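Going down the list, the protein sequences come from chains H and D.
Per numbering that gives the first Met the number 0: the first sequence = residues 0 to 138.
Per numbering that gives the first Met the number 0: the second sequence = residues 0 to 138.
Positions of the beta carbon are idealized from the N, C-alpha and C atoms, including for glycine.
Computed from a predicted model, the values in this text were never measured in an experiment.
Shown next, in structure tokens, is the structure this report addresses.
2 protein chains.
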Amino acid sequence: MSRRVRCPIASTLDIVGDRWSLLIVRDILRGHHRFSDLRETVEGIPSSILSDRLKVLEREGIVARRPYSDRPPRSAYTLTGKGHALGVVVGALSSWGERYGEHDLSIVDNACGHGVSLVYHCETCNRAAPRNRVRLVES
Amino acid sequence: MSRRVRCPIASTLDIVGDRWSLLIVRDILRGHHRFSDLRETVEGIPSSILSDRLKVLEREGIVARRPYSDRPPRSAYTLTGKGHALGVVVGALSSWGERYGEHDLSIVDNACGHGVSLVYHCETCNRAAPRNRVRLVES
DNA sequence: AGGGGTAAGTTCAATTTCTGGACTGACCCC
DNA sequence: GGGGTCAGTCCAGAAATTGAACTTACCCCT
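Okay, here's the thing in structure tokens:
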């Protein structure tokens, strides 16, 4: 997979822009850390692909492999900070899917239990930026 | 491409979870509406793939094809509301790419010019929901 | 009227990637 | 010693992708 580095969107898609990687991230976020666990929860993923993607995600610093047994060799997969940050991408995909399809999963705020949406926010001004006011610009 | 409908994330990825679709959305968002335009701006996309993806995105109600000339046949591609909503996904990919790589594009609020980030927001309580407080739950 | 250029695709063979299933090795428990 | 689990690997067939060439239908210029 060759890299298209100029654009942060393209370069991100070069890493996780396939049918499976973000589902693996989703399930590690949901607390599934073992290979067999992920093979079951990531809908229909072949174990060869799971093995391959975990290696790529580890190489990219998105997941960390932590052996929890030497003999036999067993690993648990967790998200690094970089990997955890992909939660927003997963959240955005989920929001869109919830809005435009019928499903049985949603993202909620644990504190109030209500569904949440994703909005743009300007840290400097400390206010929301409406969707139609944001632009993609060269810096 | 078979469909994994249970989960909104999986079903969204079934539609736009490939190397090109979201780049096409990105560029239509940036104001590129014609086939030849997209072929140039979507980094290195083969025209056969562009043609194919535009058909899929049209079938999914994400882009609308509007002929602007009959003879010779010429079309412009625009985003539907559903397609425009994918801007948040593109924004999330961009934020992540900006944070974890070096690039020359960023998302800014047109009003103040500052870079913006994506945050979860509970409409009901009208307050932000911190990342670590949101969960993916069955509804 | 002929030549060159552009826009929007289509076609195709070669390559790459994905898929599903079988298989392996190293254990553990009974 | 038999059966089960876990974490993968291996492989052949199927499917998707790639790059390049080609097509159709104009327009402009001279």
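- For H:I23, no chain D residue has a C-beta closer than 9 Å to its own C-beta; the minimum C-beta separation is roughly 11 Å.
- The count of Cβ pairs closer than 8 Å, one atom from the region 86-102 of chain D and one from the region 20-35 of chain D, reaches three, so the stretches are in contact.
- Residue-level contact by beta carbon fails for D:D69 and chain H, as no gap is shorter than 8 Å.
- Secondary structure of D:H83 (DSSP, three-state): helix.
- Counting C-beta pairs closer than 8 Å gives fewer than three between the region 34-52 of chain H and the region 99-118 of chain H, which falls short of the contact rule.
- If you compare the alpha carbons of D:L56, D:T123, D:V107 with that of H:R132, the shortest gap goes to D:V107.
- When the beta-carbon positions are compared, D:C6 and H:C124 stay at least 8 Å from each other.
- Counting the other Cβ atoms within 10 Å of the Cβ of H:E42 gives fewer than 16, which makes it exposed.
- In the three-state DSSP reduction, H:P7 falls in the helix class (H, G or I).
- The C-alpha of D:R73 is placed about 47 Å away from the C-alpha of H:L78.
- Contacts with chain D at 8 Å (Cβ-Cβ) do not include H:I44.
- G16, D17, R18, L21, L22, R25, L28, R29: these are the residues of the region 14-38 of chain D whose beta carbon lies less than 8 Å from some beta carbon of chain H, given in chain order.
- Counted as a single uninterrupted DSSP element, the stretch harbouring D:R70 is not any beta strand (DSSP E), since DSSP gives it neither H nor E.
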